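Chains as they are written, first to last, in this note's numbering: chain X, 561 to 728; chain E, 561 to 728.
Note that the Cβ used here is the ideal one computed from N, Cα and C, for glycine as well.
Source: prediction; values computed, not measured.
2 protein chains.
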Amino acid sequence: MSLSMYQATIPTFVRMLNNLSAILKKAEANAAARTIDPSVFVGARLATDMFPLSRQVQIATDGVKGCAARLAGVEIPSYPDTETTFAELQARIAKTVAFLEGFKAAQIDGSEDRTITLKLGPQEVSFAGADYVFNFVLPNLYFHATTAYAILRHNGVDVGKMDFLGAR
Amino acid sequence: MSLSMYQATIPTFVRMLNNLSAILKKAEANAAARTIDPSVFVGARLATDMFPLSRQVQIATDGVKGCAARLAGVEIPSYPDTETTFAELQARIAKTVAFLEGFKAAQIDGSEDRTITLKLGPQEVSFAGADYVFNFVLPNLYFHATTAYAILRHNGVDVGKMDFLGAR
Numbered sequence: 561m562s563l564s565m566y567q568a569t570i571p572t573f574v575r576m577l578n579n580l581s582a583i584l585k586k587a588e589a590n591a592a593a594r595t596i597d598p599s600v601f602v603g604a605r606l607a608t609d610m611f612p613l614s615r616q617v618q619i620a621t622d623g624v625k626g627c628a629a630r631l632a633g634v635e636i637p638s639y640p641d642t643e644t645t646f647a648e649l650q651a652r653i654a655k656t657v658a659f660l661e662g663f664k665a666a667q668i669d670g671s672e673d674r675t676i677t678l679k680l681g682p683q684e685v686s687f688a689g690a691d692y693v694f695n696f697v698l699p700n701l702y703f704h705a706t707t708a709y710a711i712l713r714h715n716g717v718d719v720g721k722m723d724f725l726g727a728r
Numbered sequence: 561m562s563l564s565m566y567q568a569t570i571p572t573f574v575r576m577l578n579n580l581s582a583i584l585k586k587a588e589a590n591a592a593a594r595t596i597d598p599s600v601f602v603g604a605r606l607a608t609d610m611f612p613l614s615r616q617v618q619i620a621t622d623g624v625k626g627c628a629a630r631l632a633g634v635e636i637p638s639y640p641d642t643e644t645t646f647a648e649l650q651a652r653i654a655k656t657v658a659f660l661e662g663f664k665a666a667q668i669d670g671s672e673d674r675t676i677t678l679k680l681g682p683q684e685v686s687f688a689g690a691d692y693v694f695n696f697v698l699p700n701l702y703f704h705a706t707t708a709y710a711i712l713r714h715n716g717v718d719v720g721k722m723d724f725l726g727a728r
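Laid out in structure tokens, this is it:
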């Protein structure tokens, strides 16, 4: 067996999104138990000029749907960024997981050297497929998933590292 | 070209550690500019029952040195967890980068299916090499690097996502 681009991406993304979904479920239950308006969590930030929880989930899902679509050479689905409740964030994660699970390994494998060009703010940046995955998509996914976790943890939600890493 | 275990690990780890080093340099400069005792940053936490910045850096470096050593079948170097200053955290990162850079691709490649067993708290957990990297080591590295970033960002350090992802 050797490593494949599919293995590095689709199941890895799905795993993290499922773990993020479980973390958000714990947060929703925690809000209910502590009689906290759930929108307080959904709008919570670690700094006034950082994005709130809802946007962390939106960016995490955007990154991985964009990656799968770009590597496979299919159109990137556009999701309106309108989520304001835990239910809506869960729906966005579920929609992204369903999109990812629609890819067959053959669509992703062999994209190691495919040139991937994306706009980062004002500039266009090009990567080889493997560099795009390892230097951009994976760190970006974990950055936003961890920030979502950290926002909740900072606000007293009883999540731990094993929720982030998921069950073996 | 196909994906290799080396590519998924050593250069990816080195890149993140170098970005983390740059983030810590910005934090140290920020502390000096705002006349904040640097130890306030080194000991800062996002929640009272979360680890401080220093421990985030220790765990991030532990994870990747352990991974490289386990995949290559060499002894894991033990670092005492005694860092209390930015200079000591930088030294730990530099020592880890030097250790990682000592591996040749041939030592890491082919470890996709090698059984990796580690103790997680009270239990022993076994992974195939590739699952260990994708489901444990990479998420864990980015979790602790992002938490370090988030601790600093929450405390007003002027870092941004591009510091985390690093230059193209």
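Any non-hydrogen atom of the ligand ATP closer than 7 Å to residue i Cβ
| i | result |
| --- | --- |
| X:Ala620 | In the structure shown, the ligand ATP is absent, as is every other ligand, since no ligand is present at all. |
Cutoff 8 Å: residue i Cβ touching any chain X Cβ
| i | result |
| --- | --- |
| E:Glu635 | no |
| E:Ala593 | no |
| E:Phe659 | no |
| E:Lys721 | yes |
Status (buried if at least 16 other CB within 10 Å, exposed otherwise) for residue i
| i | result |
| --- | --- |
| E:Gly662 | exposed |
| X:Lys585 | exposed |
| X:Met565 | buried |
| X:Arg594 | exposed |
| E:Thr621 | buried |
| E:Leu680 | exposed |
| X:Val617 | buried |
| E:Asp723 | buried |
| X:Gln567 | buried |
| E:Lys664 | exposed |
| E:Ala632 | buried |
| X:Pro682 | exposed |
| E:Pro640 | exposed |
| E:Thr572 | buried |
| X:Glu643 | buried |
| X:Val624 | buried |
| E:Val634 | exposed |
| X:Thr608 | exposed |
| X:Ala591 | buried |
| E:Val710 | The residue asked about is misnamed: residue 710 of chain E is Ala in this sequence, not Val. Burial call: buried. |
Residue i: contacting residues in chain X (beta-carbon distance under 9 Å)
| i | result |
| --- | --- |
| E:Lys679 | By Cβ distance, chain X contributes nothing, its closest Cβ being about 13 Å from E:Lys679, past 9 Å. |
| E:Phe724 | Pro699, Asn700 and Phe703 |
Neighbouring residues, chain C, relative to residue i (Cβ below 8 Å)
| i | result |
| --- | --- |
| E:Thr707 | No chain C is part of this structure, whose protein chains are labelled X and E. |
Proximal residues of chain E, C-beta to C-beta of residue i below 7 Å
| i | result |
| --- | --- |
| X:Gly713 | First, the residue type needs correcting, since residue 713 of chain X is Arg and not Gly in the sequence shown. Simply Leu606, Ala607 and Met610. |
Residue-level contact to chain E via CB, residue i, 8 Å cutoff
| i | result |
| --- | --- |
| X:Ala666 | no |
| X:Ala695 | Residue identity check: residue 695 of chain X is Asn in the sequence provided, not Ala. Chain E contact via Cβ: present. |
Proximal residues of chain X, C-beta to C-beta of residue i below 7 Å
| i | result |
| --- | --- |
| E:Ala690 | Leu563 and Gln567 |
Neighbouring residues, chain E, relative to residue i (Cβ below 8 Å)
| i | result |
| --- | --- |
| X:Phe601 | Chain E residues near X:Phe601: none, gap ~14 Å exceeds 8 Å. |
For residue j and residue i, believed in contact at Cβ under 8 Å, the rounded distance
| i | j | result |
| --- | --- | --- |
| E:Asn715 | E:Ala604 | 6 Å |
| X:His704 | X:Ile619 | 5 Å |
| X:Leu649 | X:Ala628 | With a Cβ gap of about 20 Å, X:Leu649 and X:Ala628 do not count as contacting. |
| E:Phe601 | E:Leu698 | Incorrect: roughly 26 Å between the Cβ atoms, too far for contact. |
| X:Ile570 | X:Ile668 | 6 Å |
| E:Ile583 | E:Val719 | 5 Å |
| E:Ser562 | X:Ser671 | The pair is not a contact, with the Cβ atoms about 11 Å apart (cut-off 8 Å). |
| E:Ala587 | E:Val717 | 5 Å |
Check: What are the residues of the region 561-588 of chain E that lie near chain X, defined by any Cβ-Cβ distance shorter than 9 Å?
Finding: Met561, Ser562, Leu563, Ser564, Met565, Gln567, Ala568, Pro571, Thr572, Arg575, Met576 and Asn579
Next item on the list: For the region 636-655 of chain X, enumerate the residues whose C-beta is nearer than 7 Å to any C-beta of chain E, in chain order.
Entry: none
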